[in-house]
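What follows is a set of notes on a single structure, which appears directly below.
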């Protein structure tokens, strides 16, 4: 091998080594980013799990429109019974008072 061929081979070797070094560096950056993405994905999964738990708790304690309607019907029924009882008592008292007065 002549000096020129040897120099060319050395240059090619250097270019190849520099290229491989750059490639390794880029691969290291990609791997680091992928690890960060994994960490973020795990953190997001934990947050989603926590939010799902909170949502389940809210759904168990939430009052629906049907619950409110049922409560309103019960309240109206109770008020109607109380008013009816008061009406009966007042009517009886009026009758007794009129009977005693006349």
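Residue numbers (my numbering): 50 to 151.
Glycine is no exception: its CB is placed at the ideal position from the N, C-alpha and C atoms.
Keep in mind that this is a model prediction, so the values were computed, not measured.
{"Query": "State the Cα-Cα distance for the pair residue 97 and residue 103, rounded to the nearest angstrom.", "Result": "10 angstroms"}
{"Query": "Terminal residues of the continuous alpha helix (DSSP H) containing residue 133?", "Result": "114-150"}
{"Query": "Tell me which same chain residues have a C-beta within less than 7 angstroms of the C-beta of residue 81, skipping the five on either side of it?", "Result": "none"}
{"Query": "Just the C-alpha distance for residue 71 and residue 64, rounded to the nearest angstrom, thanks.", "Result": "10 angstroms"}
{"Query": "By Cβ distance below 8 angstroms, which residues in the same chain neighbour residue 78 in space, the five residues on each side in sequence not counted?", "Result": "none"}
{"Query": "Work out the CA separation of residue 130 and residue 123 for me, nearest whole Å.", "Result": "11 angstroms"}
{"Query": "When you compare only the Cα positions, how much space is there between residue 139 and residue 119?", "Result": "30 angstroms"}
{"Query": "Distance, Cα to Cα, residue 73 vs residue 60?", "Result": "20 angstroms"}
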